[in-house]
Amino acid sequence: MEITSWNINSVRAREGLVTSFLERVRPDLLLLQEIKCEDHQFPAMAFSALGYDSVVVGQKAYNGVAVLHRVPVEVTATALPGTAEETPAARYVEVKTHGLRVGNLYLPNGNSGGEAGYEYKLRWMAALRERALWLLGQDEDFVLAGDYNVCPADFDYAKGAISANDALVRAPTRASFRALLNTGLTEAVRALHPAEPLYTFWDYQGGAWDRNCGLRIDHALLSPRLAERLVSAKIHKDERAKPQPSDHVPVSFFLET
Numbered sequence: 659m660e661i662t663s664w665n666i667n668s669v670r671a672r673e674g675l676v677t678s679f680l681e682r683v684r685p686d687l688l689l690l691q692e693i694k695c696e697d698h699q700f701p702a703m704a705f706s707a708l709g710y711d712s713v714v715v716g717q718k719a720y721n722g723v724a725v726l727h728r729v730p731v732e733v734t735a736t737a738l739p740g741t742a743e744e745t746p747a748a749r750y751v752e753v754k755t756h757g758l759r760v761g762n763l764y765l766p767n768g769n770s771g772g773e774a775g776y777e778y779k780l781r782w783m784a785a786l787r788e789r790a791l792w793l794l795g796q797d798e799d800f801v802l803a804g805d806y807n808v809c810p811a812d813f814d815y816a817k818g819a820i821s822a823n824d825a826l827v828r829a830p831t832r833a834s835f836r837a838l839l840n841t842g843l844t845e846a847v848r849a850l851h852p853a854e855p856l857y858t859f860w861d862y863q864g865g866a867w868d869r870n871c872g873l874r875i876d877h878a879l880l881s882p883r884l885a886e887r888l889v890s891a892k893i894h895k896d897e898r899a900k901p902q903p904s905d906h907v908p909v910s911f912f913l914e915t
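Everything in the sequence shown is counted per our numbering, starting at 659 for the first residue and increasing by one.
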């Protein structure tokens, strides 16, 4: 089984990139983040023509997540439990397929809204950890994948790509990410490439792509039994070189079935 995660940074602006990727790569599931549209605006028909159905949790102009699937799925959540928001932002959707739960997430950036915005990021990460613990308690196989907006270690960003006080690298952010891993989860890319400098995001500004001044902020965390089925992982870096790309690239991981 191949599962791919991609912060698309507006699915309507990059519909052609998504359809091209689906035609060439044919993942079983494509997890999209930051679709930036409401449900009814999502270009589901274009993907349906390629054999993919859509599960969409949209929001006007901001956020939004979706799952494109060519295998049957059951929707198990359309918001992250425990975030205590009266009207949750469109940041999480969870599906189940072939006994596997797949959580698709767009974690808050934490750099806007001052300290209150940063505290929201940390609360969201704490709720994600609680979801992981609940799923572990159900003895479920699961993956939590998407745009985490976290650089877990210093070699996950290029020199000069980010400031030391950025919310993506602040000590509490990294501690929250470690706490998530310490529940027993395995980070797919680093399990296979433990020390190699790898990036999944290059800013549009400052010639970041041309200078390879990137960040690795898109991750897939696997439950213990699922980690044993991990075969390989791939960062589709070439997508960033295409015309009008997202600032993120797809990240795929492959599981034995």
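We treat Cβ as the ideally placed atom computed from N, Cα and C, and that holds for glycine.
Exercise. Taking contact to mean at least 3 C-beta pairs separated by less than 8 Å, is the region 880 to 900 in contact with the region 837 to 853?
Worked result: yes
Exercise. How long is the line joining the alpha carbons of A885 and M659, rounded to whole angstroms?
Worked result: 13 Å
Exercise. Which partner residues of Y764 appear in the DSSP bridge assignment?
Worked result: D805
Exercise. Which of the three DSSP states, helix, strand or coil, is assigned to T745?
Worked result: coil
Exercise. Residues bridged to K754 by DSSP?
Worked result: E732 and R759
Problem set entry | Neighbour-count burial assignment, G795, 16 or more Cβ in a 10 Å radius | exposed
Exercise. What's the gap between the Cα of R848 and the Cα of G674?
Worked result: 30 Å
For this session: Would you check if the distance between the CB atom of Y764 and the CB atom of G804 is smaller than 7 Å?
Result: yes
For this session: Can you give me the Cβ contacts of Y710 inside the same chain, cut-off strictly under 8 Å, excluding the 5 residues immediately before and after it?
Result: L680, L688, L726, H727 and R728
For this session: Go through its chain and collect everything with a Cβ distance to P746's Cβ below 6 Å, but skip five positions before and after it.
Result: A737
Exercise. Cβ of H877 within 7 Å of Cβ of Y806?
Worked result: yes
Exercise. By how many angstroms is the C-alpha of I693 removed from the C-alpha of V669?
Worked result: 5 Å
Exercise. In this structure, does DSSP put T831 in helix, strand or coil?
Worked result: helix
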